[in-house]
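Right, one structure below, let's go through it.
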Amino acid sequence: MTPHYPSIKRGVFFSIQKNMTDILNIILITILVIIILFLLRKIKLIKSRHQKKLAELYKDLSKLAEQKESFFEKLSLNSELEDAMTHARKRLNEEIFDLQMEVFRNIKQD
0 MTPHYPSIKR GVFFSIQKNM TDILNIILIT ILVIIILFLL RKIKLIKSRH QKKLAELYKD
60 LSKLAEQKES FFEKLSLNSE LEDAMTHARK RLNEEIFDLQ MEVFRNIKQD
């Protein structure tokens, strides 16, 4: 049995209760919208930080690629230099041998 309120009619009470429910729904929706906006802002902030870090990583990667290329160029130069030195040693040994043979021939002829 519902209590009897002499000064408030039954329809007015339900109308107030309906208005309170509507107000609570509006407040909850507003809170949810604020939370969603806050989360969207956080996502945007995280995304911008990620893009900055990604840009730094690409910059570091390009530096490493340049250093790698420079290293391989130096390695190639070292290899070419070593080949040239080996060839020069071989020629020098051949010339020394030829000179020694010529000296022995001269000694033999004298």
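For what it's worth, numbering that gives the first Met the number 0 labels the leading residue of the sequence shown as 0, then goes sequentially.
Where is the CB? At the ideal position from N, CA and C, for every residue including glycine.
In angstroms with no decimal places, state the Cα-to-Cα distance between residue i and residue j.
| i | j | result |
| --- | --- | --- |
| Arg-40 | Leu-76 | 54 Å |
| Ala-83 | Tyr-57 | 39 Å |
| Ala-64 | Phe-71 | 11 Å |
| Leu-44 | Leu-74 | 45 Å |
| Ile-35 | Lys-17 | 27 Å |
| Asp-59 | Ser-47 | 18 Å |
| His-86 | Lys-67 | 28 Å |
Looking only at its chain, what residues have a beta carbon closer than 6 Å to the beta carbon of residue i, apart from the 5 residues adjacent to it on each side?
| i | result |
| --- | --- |
| Gln-99 | none |
| His-49 | none |
| Arg-88 | none |
Excluding the 5 residues flanking residue i on each side, which residues of the same chain have their C-beta closer than 8 Å to its C-beta?
| i | result |
| --- | --- |
| Arg-90 | none |
| Ser-69 | none |
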